[in-house]
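Notes follow the structure.
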DNA sequence: TGCAGTGTTGCTTC
DNA sequence: CGAAGCAACACTGC
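Here's what the structure looks like:
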């Protein structure tokens with residue numbers, strides 16, 4: 008579930024422990040059992056060998072978030088990009104490698120016949136260790152482990168000064184928590200006359216004069232090229248707070264509604280960061296600890312329950328929108 | 001037991 | 001353009 012607040016929580020943790028450490032070794036079993044044919048990620052064996060050659064011996068400068076991507080900047084002008092997708096999370100601690108017995112419950116996820124387990128007692132002990140598919144050995148004797156149950160994650164290396172042309176980063180919209188993401192900017196993105204989202208046809212005619220204006224607001228909020236970092240949970244929570252139905256179009260939004268949504272974006276993302284992110288599913292911080300935002304959900308996964316808006320009296324509905332399950336109150340979200 | 005559902009993204013088809 | 005369906009993968013819950 009890593010969306011913006013979860014990635015931020017991870018980045019904050021990484022920046023407390025990683026800077027100035029050197030990567031001494033890298034291990035992965037991603038490439039052993041995957042149908043992914045991309046050759047530019049570590050799921051490809053040749054690419055992983057290259058990745059390992061480039062990364063071992065480099066010192067870590069710092070970590071940065073861009074959208075839902077984790078960027079780990081190294082000396083030598085290279086940056087590691089990690090997109091956690093559905094189930095990825097980075098864990099920091101002291102690990103050791105073992106060859107587990109198959110009867111210990113390690114099933115399909117285990118491809119290599121080896122797993123890494125934490126040496127010290129604590130949160131890292133509780134789970135997810137059998138899903139570690141990438142691990143860095145650091146110069147202080149500790150490890151940075153990447154657990155990824157469903158193996159959807161993307162890990163690659165790029166030249167730091169080419170970040171502006173790397174499509175994973177270049178295609179992203181503005182950062183919603185950036186000071187420069189003003190109400191004016193949000194309005195420009197959503198308004199029908201906006202230059203955003205318009206394309207020119209061969210004849211030079213404006214093809215979609217409405218920009219994003221005709222799409223459903225839920226899918227627009229989740230569109231990483233419109234705004235970077237918002238996913239299914241936070242789009243539901245933002246729309247509930249702003250009182251806007253997920254199927255409304257940006258073109259139909261009144262000024263007051265845009266302002267309410269803009270404020271909700273800032274408030275909800277910031278409050279989740281303060282709570283250490285959302286651990287309704289398997290997100291954990293780098294020490295394996297849960298975040299708390301799942302306790303503050305107003306709509307997400309509350310299908311058929313009462314709307315929590317004061318004196319609303321509505322019942323939370325669930326409907327698939329843009330291929331994602333969307334939760335909303337059809338009484339106060341108009 | 002079996003199958004729908006799960007935070008993300010990208011590709012294909014209509 | 002945009003929406004829908006599905007694939008990548010493995011587990012949980014009904």
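Residue numbers (this note's numbering): 8 to 341.
Think of the CB as a built atom: it goes at the ideal place given N, C-alpha and C, for glycine as much as any other residue.
Cβ-based neighbour list, residue i, same chain, cut-off 7 Å, excluding 5 preceding and 5 following
i	result
residue 197	219, 257, 260, 265
residue 149	99, 100, 101
residue 113	Reliability of the predicted coordinates at residue 113 is poor, the pLDDT of 47 falling under 50, and no value is obtained from them.
Run of the beta strand (DSSP E) containing residue i, from where it starts to where it stops
i	result
residue 241	Element bounds for residue 241: not the beta strand (DSSP E) but the alpha helix (DSSP H), 239 to 249.
residue 125	122 to 125
residue 152	150 to 155
residue 32	30 to 35
residue 323	323 to 328
residue 72	67 to 73
residue 142	139 to 145
residue 338	Run containing residue 338: none; DSSP gives neither H nor E here.
Closest by C-alpha distance to residue i, when choosing among the options
i	options	result
residue 89	322, 304, 165	165
residue 251	334, 29, 285, 21	334
residue 104	69, 136, 147	136
residue 34	86, 79, 22, 123	123
residue 133	238, 154, 65	154
residue 331	230, 194, 102, 313	230
residue 74	127, 63, 14, 193	14
residue 182	55, 65, 22, 269	269
residue 325	18, 233, 247	247
residue 26	190, 69, 85, 121	69
residue 67	21, 44, 42	21
residue 162	223, 140, 146	140
residue 86	125, 30, 245, 38	30
residue 289	157, 173, 128	157
Distance, residue j Cα to residue i Cα
i	j	result
residue 57	residue 179	27 Å
residue 79	residue 71	6 Å
residue 171	residue 336	40 Å
residue 207	residue 221	Low confidence applies here, because residue 207 scores a pLDDT of 38, under 50, leaving its location unreliable; read the following figure in that light. Going by the C-alpha atoms only, they are around 17 Å apart.
residue 311	residue 304	14 Å
residue 100	residue 297	16 Å
residue 307	residue 60	43 Å
residue 203	residue 240	Summary for residue 203: the model assigns pLDDT 48, below 50, so the residue's position carries little reliability, and this model does not support an answer.
residue 328	residue 272	19 Å
residue 185	residue 236	12 Å
residue 24	residue 255	44 Å
residue 309	residue 243	11 Å
residue 102	residue 228	39 Å
residue 32	residue 76	23 Å
residue 280	residue 286	12 Å
residue 275	residue 225	15 Å
Check whether residue i and residue j have beta carbons under 8 Å apart
i	j	result
residue 159	residue 50	no
residue 322	residue 313	yes
residue 95	residue 12	no
residue 283	residue 16	yes
residue 168	residue 84	yes
residue 97	residue 151	yes
Endpoints, the alpha helix (DSSP H) within which residue i is located
i	result
residue 54	52 to 62
residue 190	190 to 197
Proximal residues to residue i (C-beta, below 6 Å), its chain only, five neighbours per side dropped
i	result
residue 319	338, 339
Check: residue i C-beta below 7 Å from any heavy atom of the ligand ZN
i	result
residue 77	Among the ligands in the structure shown, none appear at all, so the ligand ZN cannot be discussed.
Cut-off 8 Å between Cβ atoms - residues of its own chain near residue i, not counting five sequence neighbours on either side
i	result
residue 278	300, 303
residue 210	The predicted model places residue 210 with a pLDDT of 34, which falls under 50 and marks its position as unreliable; any figure quoted below should be read in that light. Here the set comprises nothing.
residue 46	53, 54
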